[in-house]
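S.K.: The numbers in our numbering rise by one with no breaks, and the one at position 148 of the sequence shown is 265.
A virtual CB, placed ideally from N, CA and C, is assigned to each residue, including glycine.
These numbers come from a predicted model, not from an experiment.
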Amino acid sequence: MDLRPGMRVLDLGCGRATSSIFLRREFGVQVWATDLWFSATENFQRIDDASVADGVFPIHANARSLPFADNFFDAVVSIDSFPYYGTDDLYLNSLARFVKLGGQIGIAGAGLVQEVEGTIAEIAASGRASHRQRNEFTRESCHLSPRF
Ligand SMILES: C[S@@+](CC[C@H](N)C(=O)[O-])C[C@H]1O[C@@H](n2cnc3c(N)ncnc32)[C@H](O)[C@@H]1O
């Protein structure tokens, strides 16, 4: 995506707002950190702790009834969250109305960056996996609920 300082960006399904903080720090964009399950107040605390409260605005809202003006955003980013709310053919069009003409929508899913060989138990035990991968594998192996 081509993100420039001052752009208005909707980080939809931002979770704990870490991506919103990243976008502010890395690109100097203004970010509306929007999520349904995570508290805007707790996100504000994280945003303030990261010293980016001047450009990251926590919003508690449902992606299917967003409280924004049409054509307000230069860009929307959706990281590992689109499948939760983009559940019908019409959703993307309904989201696009919040983006100005020529704006951008970036949708990213989660995935592994390298081929996984061996069983999950072997990888978790071998130390070949990253700390995060080990956590994910362990969670899957143990059938624990997802991190959210
Ligand atoms: C797997 S988490 C990803 C969170 C974050 N983007 C990340 O990568 O860490 C999915 C997020 O989608 C959000 N979400 C699910 N349904 C939503 C909806 N209808 N409106 C807004 N956010 C929603 C959840 O609150 C959750 O934070």
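Would the C-beta of Ala-157 count as close to ligand 1, meaning under 7 Å from any of its heavy atoms?
M.R.: no
S.K.: Going by CA-CA distance only, name the one from Pro-122, Val-193, Leu-127 and Ser-156 that's closest to Val-315.
M.R.: Since the displayed the chain opens at 118 and closes at 265, residue 315 lies outside it and no answer follows.
S.K.: Kindly list the residues whose CB is nearer than 6 Å to the CB of Arg-214, restricted to its own chain and excluding five residues on each side of it in sequence; keep chain order.
M.R.: Asp-187
S.K.: Following a CB-centred definition, is Ile-196 positioned closer than 7 Å to any heavy atom of ligand 1?
M.R.: Yes, ligand 1 has a heavy atom inside 7 Å of this Cβ.
S.K.: Please report the distance separating the alpha-carbon of Ser-258 from that of Leu-218.
M.R.: Interpretation of Ser-258 is limited by its pLDDT of 37, a score under 50 that renders its predicted location unreliable; the figure taken from the coordinates is listed afterwards. When rounded, the distance between both Cα atoms is 46 Å.
S.K.: Is it buried or exposed, Val-216, if we count other Cβ atoms within 10 angstroms and call 16 or more buried?
M.R.: buried
S.K.: Apart from the five residues on each side of it in sequence, which residues of its chain come closer than 6 Å, Cβ to Cβ, to Ala-178?
M.R.: Thr-151 and Pro-184
S.K.: If you compare alpha carbons, which of Leu-129, Tyr-202 and Val-148 is closest to Val-169?
M.R.: Val-148
S.K.: Flag this pair as yes or no: are the beta carbons of Val-126 and Ala-225 separated by less than 8 Å?
M.R.: no
S.K.: Applying the criterion that 16 or more other CB atoms from any shown protein chain within 10 Å of the CB defines a buried residue, is Gly-60 buried or exposed?
M.R.: The requested residue 60 is not part of the displayed model; the chain covers only 118 to 265.
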